[in-house]
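In my numbering, the protein residues as written are 267 to 558.
Below you can see the structure in the form of structure tokens.
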């Protein structure tokens, strides 16, 4: 079984137990990850072998372009996820790993998780966490979320470049809202139901723009493959439009990309220590970004 196939199995398991509160007692050590996204907040609890044990998600507009715009709302959601996960597994969760878009301040996520009542053990930028989970040696990871697109370039197993751009699924929604003159919420529904070629033609330029930004970041590195993650990548025909901009490069979309970054964040918990610590917490800045 390849590493991608193994990760796909974990992603399928996460989808099966999504927002499942039924008791599943656990007496072994666990790893916990909290992902504060532009469109959603996810909390995953994993066994030490990365098998998902609990997975909770809420759609929420509490983060925009890597900045928390509803601090207390975000903390409430995280606290509720932790409460539900603790009740499901019959254990006390007192620490977790979280993440941040490359080039933004990791303290934004740290403060929210700490406000939810637990310690932050590790922090890593989002695409670097996926690179670590997939055990990539020479590739690029592109994390396209609701409001940002993070790119990481990996060479010889190390992240050598990491960058973030303020574009994502929200911009596709805005394009649809403007064209059809409908509210944002209605455009969001249209986006999730893209099948009509006319509608695809409207959003394709936004996807191509995302690809152009990624091209700038990977120029000079020549990665043989690009691994996609983030809920935006699951949109119908997204991969086809994106991949067409990268002839000669394999564009790979793992199973259920909506859960891939949260899974990677949780899997990173306690596995690698950064060069800087604060209150026992390791902040891993793989490449670029804001030092702590």
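The C-beta atom is built at its ideal place from N, Cα and C for all residues, glycine as well.
As the structure is a computational prediction, the values presented were derived from the model and not from experiment.
Ranked by Cα distance from residue 412, the options 294, 334, 435 are led by 435.
Separation of the CB atoms of residue 299 and residue 515 is rounded to 29 angstroms, and the pair is thereby denied contact status at 8 angstroms. Per the Cβ contact rule, the stretch 287-306 is in contact with the stretch 342-361 (3 or more Cβ pairs under 8 angstroms). Cβ-Cβ separation between residue 340 and residue 390: approximately 19 angstroms, too far for a contact (criterion under 8 angstroms). Under the three-state reduction of DSSP output, residue 535 falls in the coil class, being neither helix nor strand.
The beta carbon of residue 360 sits closer than 7 angstroms to the beta carbons of 384, 385 from its chain, once the five residues preceding and following it are set aside; these are given in chain order.
Under the three-state reduction of DSSP, residue 488 is assigned to coil, being neither helix nor strand. For residue 282, the enclosing alpha helix (DSSP H) begins and ends at 269-282. One alpha carbon belongs to residue 388, the other to residue 447, and they sit about 44 angstroms apart.
The stretch 491-504 and the stretch 374-381 do not touch, with fewer than three beta-carbon pairs separated by less than 8 angstroms. Residue 477 counts as buried, since no fewer than 16 other beta carbons sit within 10 angstroms of its beta carbon.
Between residue 309 and residue 528, the C-beta spacing is below 9 angstroms.
Within the stretch 343-431, the runs of alpha helix (DSSP H) at least 4 residues long that lie entirely inside it are, in chain order, 373-381, 392-400. In terms of Cα proximity to residue 494, the closest of 485, 365, 512, 487 is 512. Counting along the chain, the unbroken alpha helix (DSSP H) around residue 444 starts and ends at 435-446. Take residue 358, set aside five residues on each side of it, and the residues of its chain with a beta-carbon closer than 8 angstroms to its own are 352, in chain order.
In the DSSP annotation of this structure, the continuous segment of the alpha helix (DSSP H) that includes residue 508 starts and ends at 504-509. Around the beta-carbon of residue 418, 16 or more other beta-carbon atoms lie within 10 Å, marking it buried.
DSSP, read as helix, strand or coil, puts residue 292 in coil. Annotated three-state conformation of residue 299 is strand, per DSSP. Residue burial is scored here from C-beta neighbours: residue 365 has at least 16 other C-beta atoms within 10 angstroms and is therefore classed as buried.
Of all alpha-carbon atoms in 491, 338, 284, 278, the one lying nearest the alpha-carbon of residue 354 is that of 284.
Contact between residue 445 and residue 421 is ruled out by a C-beta separation of about 41 angstroms, above the 8 angstroms threshold.
Judged by their CB atoms, residue 321 and residue 286 are nearer to each other than the 9 angstroms cut-off. Assignment of beta-bridge partners to residue 493 by DSSP yields 407, 518. Minimum Cα-Cα distance from residue 534 among the listed residues 316, 280, 282, 329 corresponds to 316. Judged by beta-carbon spacing, residue 430 lies within the 9 angstroms limit of residue 367, meaning their Cβ atoms are closer than that value. As summarised for the stretch 313-337, the continuous beta strand (DSSP E) elements at least 3 residues long and confined to that stretch are 318-325, given in chain order.
Spatial neighbours of residue 313 in its own chain (CB-CB distance under 7 angstroms, excluding positions within 5 residues in sequence) are listed in chain order as 294, 296, 319. Ranking 425, 455, 433 by CA distance to the CA of residue 414 puts 433 first.
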